[in-house]
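Visitor: The structure's right below; bear with me while I get my questions together.
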Amino acid sequence: MGSNNKEPILIISPTELKFKFELKKQIPATLVLHNPATHTVAFKIKTTTPKKYCVRPSTGFVLPQSKVPIQIMMSAQKEKPQDFEACRDKFLVQSVKLSEEEAEQPISANLFSKVGGKDVHEFKLKVSYTQASSIPSPVKEVVTSTPPAAQKVVEGIKEDLTLPATPASALSAGEAALAKRTQAQAAPGTSTGLPMKKQMVLKGFSLVHLFLAALLAFFIGRMTS
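Residue numbering for the sequence shown follows the numbering used here, beginning at 681 and increasing consecutively.
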(Lines of atoms letter the chains of each structure in order from A and count residues from 1; the text may use other names and numbers.)
(Lines give C-alpha, C1' and ligand atoms only; values in the text may rest on other atoms or scores of the structure.)
Protein backbone atom coordinates (compact mmCIF):
# COMPACT_ATOMS: atom_id res chain seq x y z
CA MET A 1 0.00 0.00 0.00
CA GLY A 2 1.14 3.56 -0.67
CA SER A 3 1.49 6.15 2.04
CA ASN A 4 1.54 9.93 1.85
CA ASN A 5 2.10 12.78 4.28
CA LYS A 6 -0.36 15.16 2.61
CA GLU A 7 -3.57 14.98 0.63
CA PRO A 8 -2.39 13.79 -2.82
CA ILE A 9 -2.94 16.03 -5.80
CA LEU A 10 -2.39 13.12 -8.18
CA ILE A 11 -4.30 9.85 -8.32
CA ILE A 12 -1.67 7.12 -8.55
CA SER A 13 -2.46 3.63 -9.81
CA PRO A 14 -1.57 1.01 -8.78
CA THR A 15 -0.67 1.75 -5.19
CA GLU A 16 1.80 -1.18 -5.13
CA LEU A 17 4.19 -2.19 -7.91
CA LYS A 18 4.09 -5.90 -8.68
CA PHE A 19 6.72 -7.53 -10.87
CA LYS A 20 6.30 -11.01 -12.39
CA PHE A 21 9.78 -12.25 -11.57
CA GLU A 22 11.86 -14.27 -14.05
CA LEU A 23 15.58 -14.92 -13.91
CA LYS A 24 17.78 -13.18 -16.50
CA LYS A 25 14.88 -11.19 -17.96
CA GLN A 26 13.90 -7.53 -17.80
CA ILE A 27 10.54 -7.17 -16.08
CA PRO A 28 8.22 -4.24 -16.86
CA ALA A 29 5.57 -2.54 -14.77
CA THR A 30 3.34 0.45 -15.46
CA LEU A 31 2.39 3.31 -13.17
CA VAL A 32 -0.35 5.80 -14.12
CA LEU A 33 -0.50 9.38 -12.81
CA HIS A 34 -3.90 11.03 -13.07
CA ASN A 35 -4.46 14.76 -12.55
CA PRO A 36 -8.20 15.39 -11.93
CA ALA A 37 -7.67 19.09 -11.13
CA THR A 38 -7.77 22.17 -13.36
CA HIS A 39 -4.11 23.12 -12.85
CA THR A 40 -0.88 21.57 -14.11
CA VAL A 41 1.11 19.33 -11.75
CA ALA A 42 4.83 18.59 -11.94
CA PHE A 43 6.06 15.17 -10.76
CA LYS A 44 9.32 13.42 -9.93
CA ILE A 45 9.78 9.71 -9.21
CA LYS A 46 12.58 8.33 -7.03
CA THR A 47 13.53 4.81 -5.92
CA THR A 48 15.66 3.36 -3.14
CA THR A 49 17.49 1.14 -5.68
CA PRO A 50 18.15 3.28 -8.79
CA LYS A 51 20.64 0.76 -10.25
CA LYS A 52 17.96 -1.91 -10.26
CA TYR A 53 15.09 0.04 -11.85
CA CYS A 54 14.81 2.28 -14.90
CA VAL A 55 11.96 4.86 -14.77
CA ARG A 56 10.74 6.60 -17.93
CA PRO A 57 9.89 9.41 -17.60
CA SER A 58 11.17 10.07 -14.11
CA THR A 59 10.09 13.75 -14.19
CA GLY A 60 7.49 15.68 -16.14
CA PHE A 61 4.14 17.46 -16.18
CA VAL A 62 0.61 16.12 -15.85
CA LEU A 63 -1.78 18.50 -17.59
CA PRO A 64 -5.23 19.24 -16.14
CA GLN A 65 -7.78 16.42 -16.54
CA SER A 66 -5.19 14.09 -18.07
CA LYS A 67 -3.11 10.98 -17.35
CA VAL A 68 0.55 10.12 -17.82
CA PRO A 69 1.77 6.49 -18.00
CA ILE A 70 5.13 5.74 -16.39
CA GLN A 71 7.15 2.73 -17.56
CA ILE A 72 9.26 1.08 -14.86
CA MET A 73 11.71 -1.61 -15.97
CA MET A 74 13.48 -3.90 -13.53
CA SER A 75 16.88 -4.99 -14.83
CA ALA A 76 17.57 -8.68 -15.45
CA GLN A 77 18.54 -10.51 -12.27
CA LYS A 78 21.01 -13.41 -12.24
CA GLU A 79 19.55 -14.93 -9.08
CA LYS A 80 16.42 -14.83 -7.00
CA PRO A 81 16.41 -11.85 -4.59
CA GLN A 82 16.92 -12.70 -0.94
CA ASP A 83 13.94 -10.51 -0.03
CA PHE A 84 11.68 -12.17 -2.63
CA GLU A 85 8.87 -12.84 -0.15
CA ALA A 86 9.01 -9.33 1.37
CA CYS A 87 10.75 -6.93 -1.00
CA ARG A 88 12.27 -3.87 0.67
CA ASP A 89 12.48 -1.75 -2.51
CA LYS A 90 10.34 1.40 -2.52
CA PHE A 91 9.33 4.23 -4.87
CA LEU A 92 8.51 7.83 -4.03
CA VAL A 93 6.29 10.02 -6.22
CA GLN A 94 6.66 13.75 -5.54
CA SER A 95 4.18 16.22 -7.00
CA VAL A 96 3.87 20.00 -6.95
CA LYS A 97 0.97 22.18 -8.03
CA LEU A 98 2.14 24.77 -10.57
CA SER A 99 0.97 28.24 -11.40
CA GLU A 100 0.42 29.23 -15.02
CA GLU A 101 3.83 30.92 -15.08
CA GLU A 102 5.61 27.88 -13.55
CA ALA A 103 3.89 25.53 -16.02
CA GLU A 104 5.59 27.41 -18.87
CA GLN A 105 9.05 26.89 -17.41
CA PRO A 106 11.21 23.72 -17.51
CA ILE A 107 11.43 21.70 -14.33
CA SER A 108 14.26 23.00 -12.19
CA ALA A 109 16.41 21.08 -9.70
CA ASN A 110 14.95 22.91 -6.69
CA LEU A 111 11.30 22.64 -7.75
CA PHE A 112 10.75 19.69 -5.40
CA SER A 113 12.89 21.06 -2.59
CA LYS A 114 11.04 21.58 0.68
CA VAL A 115 13.27 24.48 1.61
CA GLY A 116 11.26 27.61 2.30
CA GLY A 117 8.07 25.70 3.13
CA LYS A 118 7.25 24.70 -0.45
CA ASP A 119 4.12 22.53 -0.74
CA VAL A 120 5.53 19.20 -2.00
CA HIS A 121 3.22 16.19 -1.96
CA GLU A 122 4.74 12.73 -1.60
CA PHE A 123 3.35 9.26 -2.20
CA LYS A 124 5.28 6.08 -1.34
CA LEU A 125 4.85 2.78 -3.15
CA LYS A 126 5.98 -0.67 -2.08
CA VAL A 127 7.32 -3.34 -4.43
CA SER A 128 6.36 -7.02 -4.48
CA TYR A 129 7.34 -10.01 -6.60
CA THR A 130 5.18 -12.79 -8.01
CA GLN A 131 6.15 -15.91 -9.91
CA ALA A 132 5.80 -15.44 -13.67
CA SER A 133 4.71 -19.03 -14.20
CA SER A 134 3.89 -22.08 -12.10
CA ILE A 135 4.82 -25.72 -12.61
CA PRO A 136 2.07 -27.38 -14.67
CA SER A 137 0.12 -30.03 -12.84
CA PRO A 138 0.66 -33.57 -14.15
CA VAL A 139 -2.00 -34.98 -16.42
CA LYS A 140 -3.96 -37.72 -14.73
CA GLU A 141 -3.92 -41.03 -16.57
CA VAL A 142 -7.39 -42.21 -17.49
CA VAL A 143 -7.78 -45.94 -16.88
CA THR A 144 -10.65 -47.64 -18.64
CA SER A 145 -11.95 -51.02 -17.53
CA THR A 146 -13.86 -53.58 -19.57
CA PRO A 147 -17.41 -54.25 -18.30
CA PRO A 148 -17.86 -57.74 -16.75
CA ALA A 149 -20.33 -58.88 -19.45
CA ALA A 150 -18.01 -57.84 -22.28
CA GLN A 151 -15.06 -59.46 -20.51
CA LYS A 152 -16.89 -62.81 -20.41
CA VAL A 153 -17.57 -62.61 -24.16
CA VAL A 154 -13.91 -61.86 -24.87
CA GLU A 155 -12.76 -64.76 -22.70
CA GLY A 156 -15.20 -67.11 -24.46
CA ILE A 157 -13.83 -66.12 -27.87
CA LYS A 158 -10.28 -66.69 -26.64
CA GLU A 159 -11.21 -70.20 -25.43
CA ASP A 160 -12.79 -71.03 -28.81
CA LEU A 161 -9.70 -69.87 -30.69
CA THR A 162 -7.36 -71.92 -28.48
CA LEU A 163 -9.41 -75.17 -28.58
CA PRO A 164 -7.18 -78.02 -29.83
CA ALA A 165 -8.37 -80.10 -32.73
CA THR A 166 -9.95 -83.39 -31.67
CA PRO A 167 -7.75 -86.29 -32.83
CA ALA A 168 -9.29 -88.82 -35.18
CA SER A 169 -8.53 -91.62 -32.72
CA ALA A 170 -11.01 -90.18 -30.23
CA LEU A 171 -13.89 -90.47 -32.71
CA SER A 172 -15.98 -93.53 -33.34
CA ALA A 173 -15.45 -95.49 -36.50
CA GLY A 174 -18.31 -93.77 -38.34
CA GLU A 175 -17.30 -90.31 -37.14
CA ALA A 176 -13.68 -90.88 -38.16
CA ALA A 177 -14.67 -92.01 -41.63
CA LEU A 178 -16.95 -89.00 -42.09
CA ALA A 179 -14.27 -86.62 -40.85
CA LYS A 180 -11.68 -88.08 -43.26
CA ARG A 181 -14.14 -87.80 -46.16
CA THR A 182 -14.86 -84.16 -45.31
CA GLN A 183 -11.17 -83.28 -44.93
CA ALA A 184 -10.37 -84.95 -48.26
CA GLN A 185 -12.98 -82.81 -50.00
CA ALA A 186 -11.61 -79.60 -48.42
CA ALA A 187 -7.92 -80.38 -49.09
CA PRO A 188 -6.03 -78.07 -51.51
CA GLY A 189 -5.80 -79.30 -55.10
CA THR A 190 -8.80 -81.64 -54.76
CA SER A 191 -11.57 -81.03 -57.22
CA THR A 192 -14.85 -80.65 -55.39
CA GLY A 193 -16.96 -79.46 -58.22
CA LEU A 194 -17.72 -76.27 -56.30
CA PRO A 195 -17.08 -72.80 -57.66
CA MET A 196 -13.73 -71.25 -56.80
CA LYS A 197 -15.37 -68.73 -54.43
CA LYS A 198 -16.97 -71.49 -52.34
CA GLN A 199 -13.70 -73.43 -52.24
CA MET A 200 -11.97 -70.37 -50.79
CA VAL A 201 -14.64 -70.08 -48.12
CA LEU A 202 -14.21 -73.76 -47.19
CA LYS A 203 -10.45 -73.30 -46.89
CA GLY A 204 -11.02 -70.63 -44.27
CA PHE A 205 -12.81 -73.07 -41.96
CA SER A 206 -10.94 -74.19 -38.84
CA LEU A 207 -10.70 -77.75 -37.58
CA VAL A 208 -13.36 -76.91 -35.01
CA HIS A 209 -15.86 -76.08 -37.75
CA LEU A 210 -14.99 -79.27 -39.64
CA PHE A 211 -15.47 -81.33 -36.53
CA LEU A 212 -18.85 -79.76 -35.82
CA ALA A 213 -19.97 -80.36 -39.42
CA ALA A 214 -18.89 -84.00 -39.27
CA LEU A 215 -20.60 -84.54 -35.94
CA LEU A 216 -23.83 -82.99 -37.23
CA ALA A 217 -23.76 -85.16 -40.37
CA PHE A 218 -23.22 -88.25 -38.24
CA PHE A 219 -26.24 -87.57 -36.04
CA ILE A 220 -28.42 -86.82 -39.06
CA GLY A 221 -27.32 -90.12 -40.63
CA ARG A 222 -28.22 -92.09 -37.51
CA MET A 223 -31.63 -90.45 -37.22
CA THR A 224 -32.55 -91.22 -40.83
CA SER A 225 -31.27 -94.82 -40.78
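Positions of the beta carbon are idealized from the N, C-alpha and C atoms, including for glycine.
CA-CA distance, Met754 and Pro708?
Guide: As a first step, residue 754 must be located in the sequence shown, where it is residue number 74. As a first step, residue 708 must be located in the sequence shown, where it is residue number 28. Using only the alpha carbons, I get a separation of about 6 Å.
Visitor: Give me the residue from Glu784, Glu781, Lys777 with the minimum Cα distance to Phe792.
Guide: In the sequence shown, the residue the question calls residue 792 occupies position 112. Closest option to Phe792, Cα to Cα, is Lys777.
Visitor: Under 8 Å: do the region 714 to 721 and the region 742 to 756 share three or more Cβ pairs, one atom per stretch?
Guide: Contact between the region 714 to 721 and the region 742 to 756 is present, because at least three Cβ pairs lie under 8 Å.
Visitor: For Asn715, which residues does DSSP report across the bridge?
Guide: For the purposes of this step, residue 715 is taken as residue 35 along the sequence shown, with counting starting at 1. DSSP, once it has assigned bridges, lists Ser746 as partnering Asn715.
Visitor: In this structure, how does DSSP classify Ile787 when only helix, strand and coil are distinguished?
Guide: Against the sequence shown, residue 787 aligns to sequence position 107. Ile787 falls in the coil class under three-state DSSP.
Visitor: Measure from the alpha carbon of Cys767 to the alpha carbon of each residue in Leu805, Pro694, Ile692, then state which is nearest.
Guide: For the purposes of this step, residue 767 is identified with residue 87 of the sequence shown, where counting begins at 1. With distances taken between Cα atoms, Cys767 lies closest to Leu805.
Visitor: Assuming Ser775 and Ile689 are in contact, meaning their beta carbons sit under 8 Å apart, how far apart are those beta carbons, in whole angstroms?
Guide: On the sequence shown, residue 775 is found 95 positions in, with the first residue counted as 1. On the sequence shown, residue 689 is found 9 positions in, with the first residue counted as 1. Sure, about 5 Å apart at Cβ, within 8 Å.
Visitor: Measuring straight from C-alpha to C-alpha, what distance separates Glu765 and Lys698?
Guide: Here residue 765 is taken as the residue at index 85 of the sequence shown, counted from 1. Here residue 698 is taken as the residue at index 18 of the sequence shown, counted from 1. Glu765 and Lys698: Cα-Cα distance of roughly 12 Å.
Visitor: Near Phe741, what residues of its chain come up, given a Cβ to Cβ distance below 6 Å and the 5 sequence neighbours on each side ignored?
Guide: Against the sequence shown, residue 741 aligns to sequence position 61. Take Phe741, set aside five residues on each side of it, and the residues of its chain with a beta-carbon closer than 6 Å to its own are Thr720, Ala722, in chain order.
Visitor: Per DSSP, Leu772 forms a beta bridge with which residues?
Guide: Stepping through the sequence shown from its first residue, residue 772 is reached at position 92. Looking at the DSSP assignment, Leu772 forms a beta bridge with Lys726, Lys804.
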